[in-house]
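Everything below concerns the one structure shown next.
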Amino acid sequence: MSEFIGIYGGAFDPPHISHIQTAKALLLERKYDKLILLPSHNPPHKMLSATDADRLNMLKFVTDNKIILSDLEIKRDGVGYTVDILPELIKQYGDNIEFIIGGDSFLNFDKWYKPLEILKLVKILVVARDGEVEKLQDKLKEYDNIPKLGITIAKYLPKSMSSSEIRNKLRLHIVTCDLLDKKVIYYINKHNLYNEYDSLVKKLKSQLSEERFLHTQGVVLYALKYADKLKLDYNKVFIASLLHDSAKTGLNYDYIYNKNLVPIDSKNTPVAHAFCGAVVAKLEYGIENKEILDAIYCHTTAKPNMSQLAKLIYCADMLEEGRNFDGVEKLREIFDKDFEQGFVACLKQTVEFLKSGNKEIYHLTLDAYEFYNKA
Ligand code: DGI
Ligand code: FE
Ligand code: FE
Numbered sequence: 179m180s181e182f183i184g185i186y187g188g189a190f191d192p193p194h195i196s197h198i199q200t201a202k203a204l205l206l207e208r209k210y211d212k213l214i215l216l217p218s219h220n221p222p223h224k225m226l227s228a229t230d231a232d233r234l235n236m237l238k239f240v241t242d243n244k245i246i247l248s249d250l251e252i253k254r255d256g257v258g259y260t261v262d263i264l265p266e267l268i269k270q271y272g273d274n275i276e277f278i279i280g281g282d283s284f285l286n287f288d289k290w291y292k293p294l295e296i297l298k299l300v301k302i303l304v305v306a307r308d309g310e311v312e313k314l315q316d317k318l319k320e321y322d323n324i325p326k327l328g329i330t331i332a333k334y335l336p337k338s339m340s341s342s343e344i345r346n347k348l349r350l351h352i353v354t355c356d357l358l359d360k361k362v363i364y365y366i367n368k369h370n371l372y373n374e375y376d377s378l379v380k381k382l383k384s385q386l387s388e389e390r391f392l393h394t395q396g397v398v399l400y401a402l403k404y405a406d407k408l409k410l411d412y413n414k415v416f417i418a419s420l421l422h423d424s425a426k427t428g429l430n431y432d433y434i435y436n437k438n439l440v441p442i443d444s445k446n447t448p449v450a451h452a453f454c455g456a457v458v459a460k461l462e463y464g465i466e467n468k469e470i471l472d473a474i475y476c477h478t479t480a481k482p483n484m485s486q487l488a489k490l491i492y493c494a495d496m497l498e499e500g501r502n503f504d505g506v507e508k509l510r511e512i513f514d515k516d517f518e519q520g521f522v523a524c525l526k527q528t529v530e531f532l533k534s535g536n537k538e539i540y541h542l543t544l545d546a547y548e549f550y551n552k553a
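Heads up, the working numbering is the position in the sequence shown plus 178, with the first residue counted as 1.
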């Protein structure tokens with residue numbers, strides 16, 4: 179009988195603690211002789227991703243005598259379907275292979291390329307997330323009468339950890355000791371991975387109070403969580419949310435008013451920093467993109483006819499994890515379910531808050547309120 183081999187594929191961009199814990203736990207639970215880490219291939223120069231070489235190097239810190247790294251998929255170059263790579267894995271590791279896939283992938287398994295072929299080549303281990311198990315058991319029943327080597331749902335439930343959120347945190351200089359192995363962190367720092375926004379982040383950090391910078395990090399993380407879903411450009415979302423409060427420094431921005439770059443009636447009001455922020459982002463941070471500058475401009479007041487990007491920054495500013503005003507949870511729920519409704523609810527909440535405090539409301543805020551309540 180050939181050795182029992184678990185194959186654990188993924189982007190590992192970067193490999194995090196939960197990847198490592200999962201590998202070790204599955205090794206024990208399934209009694210594999212070896213577990214193979216199989217990083218996927220990224221096209222060269224793929225934006226905002228570590229290269230194949232760097233991901234291989236980071237994974238080397240995770241390996242030991244039972245956890246083995248394979249560059250098979252990376253070396254193949256070009257898109258590889260699972261069904262095509264399996265014969266190569268069998269050639270190398272023998273025919274007693276269990277292929278590990280996530281619960282969410284298994285729910286779409288019938289839409290994979292040639293799923294029935296896959297089932298004849300290898301066993302499948304489905305790794306569920308908390309709360310997914312029942313749904314997966316139902317799904318598994320659909321394969322009862324289909325020829326296969328075996329499908330098992332792992333008992334081990336991995337801690338949910340997202341590599342994309344970790345990349346965002348690294349870009350924002352948020353400490354990730356609880357998410358990444360020390361050696362991986364050291365490698366990332368040494369090789370300047372995930373540092374695309376370093377100069378902006380450093381400059382901003384030196385200009386804002388600690389508290390304001392913390393809030394800003396929260397806004398960026400919150401906004402980025404929705405960038406894909408809203409089909410917004412990652413870079414625009416990152417920069418607009420990063421620089422939205424770039425004029426909240428306590429410095430004097432009279433030069434902006436003296437040059438008439440923003441409406442004079444906003445001077446010394448709570449909305450001034452948003453208008454000035456757009457100018458600061460342009461002149462002091464070198465941001466030229468109109469959409470980004472516009473989103474910064476209206477992040478406090480909102481305005482009629484906002485772009486999706488501007489709405490997202492407006493809401494993320496209000497809903498980031500550091501906010502704890504009454505009703506914020508409810509607003510987050512609405513926003514998570516329906517972006518447009520969430521935006522209108524945020525706007526409404528702000529106007530009602532200002533009214534109840536008898537604060538003067540800036541005319542652009544009132545225009546926005548009227549515009550979106552008619553719509
Ligand atoms: O800069 P932040 O504190 O992160 O948040 P923000 O830019 O939304 O705005 C700061 C404050 O401005 C907040 O307490 C709400 C208030 N604000 C928003 N629109 C108006 C306003 N204040 C007045 N007086 N008038 C407005 O139209
Ligand atoms: Fe602000
Ligand atoms: Fe803010």
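By construction, the Cβ of each residue, glycine as well, lies at the ideal position given by its N, Cα and C atoms.
Which of the three DSSP states, helix, strand or coil, is assigned to residue i?
i, result
"Gly464", "coil"
"Lys333", "coil"
"Ile324", "coil"
"Ile539", "coil"
"Ile417", "helix"
"Leu247", "strand"
"Asn367", "helix"
"Lys426", "coil"
"Gly396", "helix"
"Arg501", "coil"
"Cys355", "coil"
"Thr447", "coil"
"Gly258", "coil"
"Glu310", "coil"
"His197", "helix"
"Asn483", "coil"
"Lys489", "helix"
"Asn438", "coil"
"Thr229", "coil"
"Tyr550", "helix"
"Ser342", "helix"
"Thr528", "helix"
"Cys476", "coil"
"Tyr291", "coil"
"Phe239", "coil"
"Glu389", "helix"
"Glu507", "helix"
"Pro222", "coil"
"Asp406", "coil"
"Tyr271", "helix"
"Leu544", "helix"
"Tyr375", "coil"
"Tyr431", "coil"
Less than 9 Å separating the beta-carbons of residue i and residue j?
i, j, result
"Ile144", "Val304", "The structure shown does not extend to residue 144, since the chain is modelled only from 179 to 553, so the question has no answer here."
"Leu386", "Asp423", "yes"
"Phe521", "Cys493", "yes"
"Asn220", "Asp191", "yes"
"Leu204", "Ala332", "yes"
"Ala546", "Met496", "no"
"Leu264", "Asp249", "no"
"Tyr550", "Leu532", "no"
"Val257", "Glu295", "no"
"Ile417", "Ala459", "yes"
"Lys212", "Glu251", "no"
"Ile245", "Lys289", "no"
"Leu371", "Ile195", "no"
"Glu374", "Leu226", "yes"
"Tyr463", "Leu402", "no"
"Leu266", "Val300", "The sequence shown places Glu at residue 266, not Leu. No, the pair does not count as a contact, with Cβ atoms beyond the cut-off."
"Gly187", "Pro222", "no"
So which of the options has the shortest CA-CA distance to residue i?
i, options, result
"Ile366", "Ala228, Asn436, Glu295 and Leu213", "Ala228"
"Leu439", "Thr447, Cys454, Tyr492 and Asn430", "Cys454"
"Tyr321", "Ile352, Asp514, Asn286 and Ala480", "Asn286"
"Arg501", "Tyr400, Ile434, Phe239 and Met225", "Tyr400"
"Asn346", "Val397, Leu299, Glu310 and Lys337", "Val397"
"Val362", "Ile183, His197, Leu335 and Tyr540", "His197"
"Ile183", "Ala231, Gln199, Val311 and Leu247", "Leu247"
"Lys404", "Ile352, Ser377, Leu487 and Asp288", "The sequence shown places Tyr at residue 404, rather than the Lys named in the question. When only C-alpha atoms are compared, the closest one is Leu487."
"Tyr334", "Lys537, Ile470, Ile474 and Leu206", "Leu206"
"Leu429", "Asn446, Met225 and Lys414", "Asn446"
"Lys224", "Ser534, Tyr210 and Ala189", "Ala189"
"Lys298", "Tyr364, Asn323 and Lys368", "Asn323"
"Lys317", "Ser283, Ser341, Lys292 and Met236", "Ser283"
"Thr330", "Ile344, Ser340, Ile302 and Glu343", "Ile302"
"Pro448", "Val379, Thr528 and Leu378", "Thr528"
"Tyr540", "Thr478, Glu498 and Ala523", "Thr478"
For residue i, which residues does DSSP report across the bridge?
i, result
"Phe277", "Ile185 and Ile302"
"Pro217", "Gly188"
"Lys212", "Ile183"
- Query: Hey, which residues come within less than 5 Å of ligand 3, measuring from Cβ to any heavy atom, in chain order?
  - Reply: Listed by chain position, these are Asp423 and Asp495.
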